[in-house]
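The structure appears right after this line, and notes come after that.
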Amino acid sequence: MNPHAKLVSSMSLLLGTTITISSNHWMMAWTGLEINTLAIIPLISKSHHPRAIEAAIKYFLVQAAASALVLFSSMTNAWSTGQWDITHLHHPASSLLLTTAIAMKLGLVPFHFWFPEVLQGSSLTTALLLSTMMKFPPITILFLTSHSLNPTLMTSMALASAMLGGWMGLNQTQIRKILAFSSISHLGWMAIIIIYSPKLTLLTFYLYSMMTATVFLTLNTTKTLNLSTMMTSWTKAPVLNATLMLALLSLAGLPPLTGFLPKWLIIQELTKQDMTSTATIIAMLSLLGLFFYLRLAYYSTITLPPNSTNHMKQWHMNKPANTSIAILTSMSILLLPLSPMIMTTI
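Note that UniProt numbering numbers the sequence shown so that position 32 is 32, with each residue one more than the last.
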């Protein structure tokens, strides 16, 4: 891809995200979302592979439909209340339409079908952007309108996302699809608590983005795209693969690691809201995700490839590991002891 085109796309992504997260007016938020959508499409289709072009078209169609719903929702709300302020979302139909639009933009169940396909058609770096940065503006809009959302609808969509994200990830062999379903599952955790503790949703999103960035950047360094190549990647960078295992287990939410913190806080908050049964269900559904994270961790560090010929085993990489990966890995694994300090921000 042309460096100038890449620079323009990257700057437009930053601009669109900044406009949306800093706006109070519906039209400005919508403008930022549109800039984001148009900026990421060249990055998705940069390889000119038919699957990448297909992914870009799918992404454009879904995002265009969601943006139209955002406009329709804000106009309906302005028609009935006379307010264009994002925080003044008081019309029930507008709230329902907005929830649908944001669910489409995020990939929440039942509007999740596009997300695994688009991630599979993108490169690992673009998939990282789609999984983290592109989800920040819609989550910000949910954060600003959290007081107006329907609790029953959000809880239903959240539980369905946690269940389907775990279930569909079980039989995948492509790592990008596994991480797409992992993202859907994590979005379920974020959506279930958005009404009761919006700041906790943002904290969960920040920690999820950090752990996902660690996994994607590590996979990008070892050039791993599916489970069969993951089995041979341990010879390229043994230490990096060992830390990848810990990052994956952190993403699963196992106790000594960073990923346990948001799950623990969300279950605690749901219990405070007298939603013990919901907390129990979503905690049980996280076991589905734990299974495929354990499978990825097992493949990355413990399993030897079935073919014992030497040409499959590439020896150590010449280039040193990236500093950003080292920092992200450390934070993805070791932040749990800092939880008292982190909890003061909520």
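Quick reminder that beta carbons are idealized off the backbone N, C-alpha and C, glycines included. Remember, predicted model here, so these are calculated numbers, not experimental data.
For residue i versus residue j, is the C-beta distance shorter than 8 Å?
i, j, result
"Y298", "A252", "no"
"L225", "Q174", "yes"
"F115", "A56", "no"
"L61", "I40", "no"
"W26", "S74", "yes"
"T99", "L170", "no"
"I346", "T258", "no"
"L119", "R176", "yes"
"A279", "T271", "yes"
"A213", "T132", "yes"
"L130", "S122", "yes"
"T145", "I86", "yes"
"L33", "P137", "yes"
"T243", "S233", "no"
"A93", "T76", "yes"
"G165", "S182", "yes"
"K58", "E117", "yes"
"A191", "L290", "no"
"residue 351", "L336", "Nothing about residue 351 can be read from this structure; the chain reaches only from 1 to 346."
"A65", "P42", "no"
Going by the DSSP bridge assignment, what does residue i pair with across the sheet?
i, result
"H25", "D85"
"N220", "N220 pairs with nothing; no bridge assigned."
"N226", "Q174"
Can you tell me the Cβ-Cβ gap for residue i and residue j, rounded? I've got them flagged as a contact below 8 Å.
i, j, result
"S300", "M230", "5 Å"
"I195", "E269", "About 11 Å separates the two Cβ atoms, so there is no contact after all."
"I178", "L296", "7 Å"
"M1", "K46", "4 Å"
"I35", "T126", "At roughly 17 Å, the Cβ-Cβ gap does not stay under 8 Å, so I35 and T126 are not in contact."
"A162", "L285", "4 Å"
Flag residue i as yes when its Cβ comes closer than 7 Å to any non-hydrogen atom of the ligand GTP, and as no otherwise.
i, result
"K199", "The model on display carries no ligand, and the ligand GTP is accordingly not part of it."
Problem - Runs of alpha helix (DSSP H) lying entirely within the segment 168-207, each at least 4 residues, in chain order - result: 175-193
Handout entry: Cβ contact (3+ pairs, closer than 8 Å) linking the segment 186-206 and the segment 148-168
Key = yes
Handout entry: Touch test, the segment 64-74 against the segment 101-108, Cβ-Cβ under 8 Å, three pairs minimum
Key = yes
Handout entry: At least three beta-carbon pairs within less than 8 Å, the segment 16-29 to the segment 47-63
Key = no
Handout entry: Every unbroken alpha helix (DSSP H) within the segment 94-128, with a cutoff of 4 residues, ordered by chain
Key = 114-120
Practice task
Please confirm if the segment 259-275 is in contact with the segment 190-206, defined as three or more CB-CB distances below 8 Å between the two stretches.
Solution key: yes
Problem - the segment 211-220 in contact with the segment 319-333 per 3-pair CB rule at 8 Å - result: yes
Exercise for the section: Only counting runs of 4 or more residues, tell me where the alpha helix (DSSP H) segments fall wholly within the segment 234-263, in order along the chain. Expected result: 238-252
Exercise for the section: Counting only runs of 4+ residues fully inside the segment 4-71, write out the alpha helix (DSSP H) ranges in chain order. Expected result: 26-44
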